[in-house]
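Input: a single structure, listed below in structure tokens.
Numbering (the working numbering), first residue to last: 117 to 581.
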């Protein structure tokens, strides 16, 4: 009870701090902290409670997904959507309302929690039972938040320009009086990969809750990071490691877990879903929710690409009889929010892509067919054959989009990285009330603006829009 009370008080303090800005003035910070010395976390139980704060940690927005071609608004729904949703949808120069962004604020809030834990652990004995696992969780969370921020507020990674491209303010301390300027992009990715490699080495292989990261999840996030960086050798190594640690796939014929009669198809909080390596939700943008009241519709060309025997077509969507008015429904969260975590399905698709890029078409298609066999009605799946590695890669990328359609910002991340390859470059278009909007491959608008309030408070360099 004492630990719980201490945690609640701590959460209140940091809610006040982070709801204002990531860098409060010293006098404001002192005003908040005065007479609250009892809220300082001291034990492993305290630190675990901070990381288990699902009210805050389970809230990672998906601004990137809002700008992709996976969904569309009707004219009427566009006009009824919140301002930030509309701005993201048509790639406006100005995005955020009132100078703030939940993507930025929530992510840096969680980074602050991770830093509090890491600093507190330095005062305890490393040999204490559970110490390493909690440290690994904090490292994972910090890396995960920095990774998500980099996909929205930084340029796509290019090794030839990464040391000159702007990265993120790399807050590695919980002291809100310290103002960090933007690092370069290479330093940003170095911190992400270093934290994750540390986490891989010390995290437990299992956890009592899917909301706690495990070793396979850290390896999976490393695979995703290196895939984003275009380092396919490292992406393969960590995808392979993650799959070796956890290779269970969910058979969509198993109605005990994948049930079309359930509102959200899959169990709440990812319970008993063998594919969930790490559970975290995404959301914050109404057009992307998987409720019947969602204002966004699934891209018809994507929906019609699913085979009639593909159970994803039943489990992941609601089709009212009009292929142009299909809404997303099935999600590994088992609730209205999108899944923003890491799954075995993604890990397998990363390994398959890396096989294909390395010229190993047989191995690549074996991984893809292993996944798809678990998606089709029993007895109706015919393995796909690729003539060569290039055809294997194209097939895998198509299936990757269909499998991870509304998972986190993955489609946005894929557009950013694949646009650098001419054969995969994609031009996005919207038409609203007769006005056409276009997002060209490698456009500067693939990098969202840093919130104005943050610029005013810290003097950060703004992104070019």
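Beta carbons: idealized from backbone N, C-alpha and C, even for Gly.
Using the Cα positions of residue i and residue j, report the straight-line distance between them to the nearest angstrom.
i, j, result
"residue 366", "residue 581", "42 Å"
"residue 444", "residue 240", "47 Å"
"residue 180", "residue 223", "14 Å"
"residue 518", "residue 284", "31 Å"
"residue 163", "residue 494", "46 Å"
"residue 221", "residue 229", "13 Å"
"residue 272", "residue 253", "26 Å"
"residue 213", "residue 533", "28 Å"
"residue 381", "residue 323", "24 Å"
"residue 571", "residue 578", "7 Å"
"residue 225", "residue 236", "17 Å"
"residue 469", "residue 192", "39 Å"
"residue 299", "residue 422", "43 Å"
"residue 475", "residue 293", "51 Å"
"residue 297", "residue 269", "14 Å"
"residue 538", "residue 232", "44 Å"
"residue 557", "residue 438", "31 Å"
"residue 118", "residue 158", "In this predicted model, residue 118 has a pLDDT of only 39, less than 50, meaning its place in the structure is not dependable; the value taken from the coordinates is given anyway. Spanning the two alpha carbons is a distance of roughly 12 Å."
"residue 109", "residue 555", "This structure cannot settle anything about residue 109, because the visible part of the chain is limited to 117 through 581."
"residue 362", "residue 390", "9 Å"
Should residue i be labelled buried (16 or more other beta-carbon atoms within 10 Å of its own) or exposed?
i, result
"residue 201", "buried"
"residue 553", "exposed"
"residue 141", "With a pLDDT of 33 at residue 141, under the threshold of 50, the modelled position of that residue is not reliable, and the figure given next carries that caveat. Exposed, since its Cβ has fewer than 16 Cβ neighbours within 10 Å."
"residue 482", "exposed"
"residue 563", "buried"
"residue 472", "buried"
"residue 195", "exposed"
"residue 267", "buried"
"residue 541", "exposed"
"residue 384", "exposed"
"residue 325", "exposed"
"residue 396", "buried"
"residue 453", "buried"
"residue 199", "exposed"
With residue i as the anchor, note down where its beta strand (DSSP E) starts and where it stops.
i, result
"residue 548", "544-548"
"residue 300", "298-300"
"residue 538", "Segment: none, residue 538 is in no beta strand (DSSP E) and carries neither H nor E."
"residue 252", "Per DSSP, residue 252 belongs to no beta strand (DSSP E); it is in the alpha helix (DSSP H), 247-269."
"residue 397", "397-399"
"residue 283", "282-285"
"residue 233", "It is not in any beta strand (DSSP E) - residue 233 instead sits in the alpha helix (DSSP H) that spans 218-237."
"residue 394", "392-394"
In terms of residue numbering, what span does the alpha helix (DSSP H) encompassing residue i cover?
i, result
"residue 552", "No alpha helix (DSSP H) holds residue 552; the beta strand (DSSP E) holding it covers 551-555."
"residue 492", "Taken as a continuous stretch (DSSP letters only), residue 492 belongs to no alpha helix (DSSP H), as it is neither H nor E."
"residue 513", "505-519"
"residue 242", "Premise fails: residue 242 is in no alpha helix (DSSP H) and is neither H nor E."
"residue 564", "First-last for residue 564: undefined, no H or E at that position."
"residue 498", "Here residue 498 belongs to no alpha helix (DSSP H), and DSSP marks it neither H nor E."
"residue 341", "331-345"
"residue 418", "416-419"
May I ask you to check if the CB of residue i is nearer than 7 Å to at least one heavy atom of the ligand PLP?
i, result
"residue 352", "What this structure holds is no ligand at all, so the ligand PLP is not there to describe."
Can you list, in chain order, the residues of its chain with a C-beta nearer than 6 Å to that of residue i? Leave out the 5 residues immediately preceding and following it.
i, result
"residue 400", "177, 218"
"residue 234", "254"
"residue 394", "329, 333, 457, 458"
"residue 350", "342"
Among the residues of its own chain, which have a CB less than 7 Å from the CB of residue i, if the five just before and after it don't count?
i, result
"residue 463", "336, 339, 355, 358, 359"
"residue 477", "502, 504, 505, 508"
"residue 490", "365, 366, 367, 368"
"residue 435", "442"
Please list, in chain order, all residues of the same chain as residue i whose beta carbon is under 8 Å from its beta carbon, the five residues on each side excluded.
i, result
"residue 425", "492, 493, 496, 497"
"residue 250", "160, 163, 164, 167, 233, 237"
* With a floor of 3 residues, list each beta strand (DSSP E) that falls wholly inside the region 431-476, ordered by position along the chain. => Taking only runs of at least 3 residues, no beta strand (DSSP E) segment lies wholly in the region 431-476.
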